[in-house]
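In the numbering used here, the protein residues as written are 120 to 463.
The beta-carbon is built from N, C-alpha and C at its ideal position, and this holds for glycine as well.
In this text the structure is predicted, and so the values were computed from the model without any measurement.
Take a look at the structure set out below.
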């Protein structure tokens, strides 16, 4: 199967002057030519760095918004449904992203939603988490947590909240959908910045840790063999690599292609994520990222920007009524030479 028509059909190249197109192709060709050299140079530096459940996220500095004409989509995944072909576009885009630097930084918005005690409107509790993971295994990992408090989730919920007298606190006699109970207040907690020595992050899957970044495969077949798990665990772990781990661009591209090949992953089409950004989405049945106290079945939605290859948000919804329960939205992720939190 020729995957490039998926890129051409979904993201037709804009009209460019010939000299601009030639310069762009030369730049991309040079990046591909240097990829092998970069990977060898970085493998020693990263040999002790493990993958993380907390912290890191998607791609670094995007050098192209559209897969340029003449650049092939990497091959290696088995056939996939047409509705998921945008994952191949994302794989082609992210494979060209440089992935070197002294620090891997990401900013996430994490949120939880639940009904107020009377069930008349939905509340959203959220916070921003900025994380900086060092390439140096002896360095400290830095975090900044900025709570945003609790607010009505949508304009419709805000109208119902106003009609309720605009309360600043709520008393729950029984736990909410996400397990909150007792008195819940709207005001945010204070911002915290701290560092830890737990640089040795791990992703646990199928009962074993993935510890060394340079040992993680960069093909979909290699990832699937490494996970050695059932389909649902394989899908969940591929999602972790995309959203939370500082893996190489080629490994991230392989994770996209693996998702495209997996049964149970269905296309949800064009959507708007929790931060109002447009993207393409896939969904699958899973309780892996659901609140631990939620007892009903849930579906996980992955929202992707195919043009840049960047993951946008991971959303967990009730399978019964579609209520958004929790989410992680990636505002930014990149390699950098300096950590702005260090020394604060």
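Exercise for review: Could you round the C-beta distance between residue 277 and residue 262 to whole angstroms and report it? I think they count as a contact, below 8 Å.
Suggested key: Taking the chain shown and counting its residues from 1, the one referred to as residue 277 is at position 158. Taking the chain shown and counting its residues from 1, the one referred to as residue 262 is at position 143. Contact between residue 277 and residue 262 does not hold, since the beta-carbon distance rounds to 31 Å and is not under 8 Å.
Practice item. Determine, using beta carbons only, whether residue 422 and residue 390 come nearer to each other than 7 Å. Key: Locating residue 422 in the chain shown gives position 303, counting from the first residue. Locating residue 390 in the chain shown gives position 271, counting from the first residue. Result yes, Cβ atoms of residue 422 and residue 390 sit closer than 7 Å.
**Study point:** Distance, residue 453 Cα to residue 212 Cα
**Key:** By one-based count along the chain shown, residue 212 stands at place 93. By one-based count along the chain shown, residue 453 stands at place 334. Distance between the alpha carbons of residue 212 and residue 453 is about 15 Å.
Exercise for review: State the DSSP-derived secondary structure class of residue 208, mapped to helix, strand or coil.
Suggested key: Locating residue 208 in the chain shown gives position 89, counting from the first residue. The answer is helix: DSSP assigns residue 208 an H, G or I state.
Practice item. State the Cα-Cα distance for the pair residue 471 and residue 228, rounded to the nearest angstrom. Key: Beyond the ends of the chain as shown, which are 120 and 463, falls residue 471; an answer cannot be given.
**Study point:** Contacting residues, own chain, Cβ-Cβ under 7 Å from residue 214 (five flanking each side not counted)
**Key:** By one-based count along the chain shown, residue 214 stands at place 95. Within the same chain, residue 214 has close Cβ partners 193, 368, 369 and 372.
Review point. So what's residue 413 in DSSP terms, helix, strand or just coil?
Key: By 1-based counting over the chain shown, the position of residue 413 is 294. Reduced to three states, the DSSP call for residue 413 is coil.
Point to revise | Per-residue DSSP class, three states only, for residue 336 | key: Indexing the chain shown from 1 puts residue 336 at position 217. Three-state result, residue 336: coil.
Review point. Which of helix, strand or coil does DSSP assign to residue 374?
Key: Mapped onto the chain shown, residue 374 falls at position 255. Helix at residue 374.
Review point. Excluding five sequence neighbours on each side, which residues of the same chain lie with their C-beta closer than 6 Å to the C-beta of residue 428?
Key: In the chain shown, counting from the first residue as 1, residue 428 sits at position 309. Only 178, 209, 212 and 213 meet the Cβ criterion.
Check your understanding: Around the C-beta of residue 392, are 16 or more other C-beta atoms found within 10 angstroms, so that it is buried, or is it exposed?
Key -> Stepping through the chain shown from its first residue, residue 392 is reached at position 273. When all chains shown are included, residue 392 counts as buried.
Check your understanding: Between residue 376 and residue 289, what straight-line distance do the alpha-carbon atoms span, to the nearest angstrom?
Key -> As a first step, residue 376 must be located in the chain shown, where it is residue number 257. As a first step, residue 289 must be located in the chain shown, where it is residue number 170. Taking the straight line joining both Cα atoms gives about 45 Å.
Check your understanding: Quick one: any contact between the region 335-342 and the region 291-305, if contact means 3 or more CB pairs under 8 Å?
Key -> Too few Cβ pairs lie closer than 8 Å, so no.
Check your understanding: Between residue 356 and residue 410, is the Cβ-Cβ spacing less than 7 Å?
Key -> Sequence index remark: in the chain shown, residue 356 carries index 237 (1-based). Sequence index remark: in the chain shown, residue 410 carries index 291 (1-based). Their beta carbons are not under 7 Å apart, which means residue 356 does not touch residue 410 by this criterion.
Point to revise | Helix, strand or coil at residue 356 [DSSP, three-state] | key: The residue you call residue 356 lines up with position 237 of the chain shown. Three-state result, residue 356: helix.
Check your understanding: Among 384, 460 and 220, which has the Cα closest to the Cα of residue 353?
Key -> Walking along the chain shown from the start, residue 353 turns up at place 234. Nearest of 384, 460 and 220 to residue 353, Cα basis: 384.
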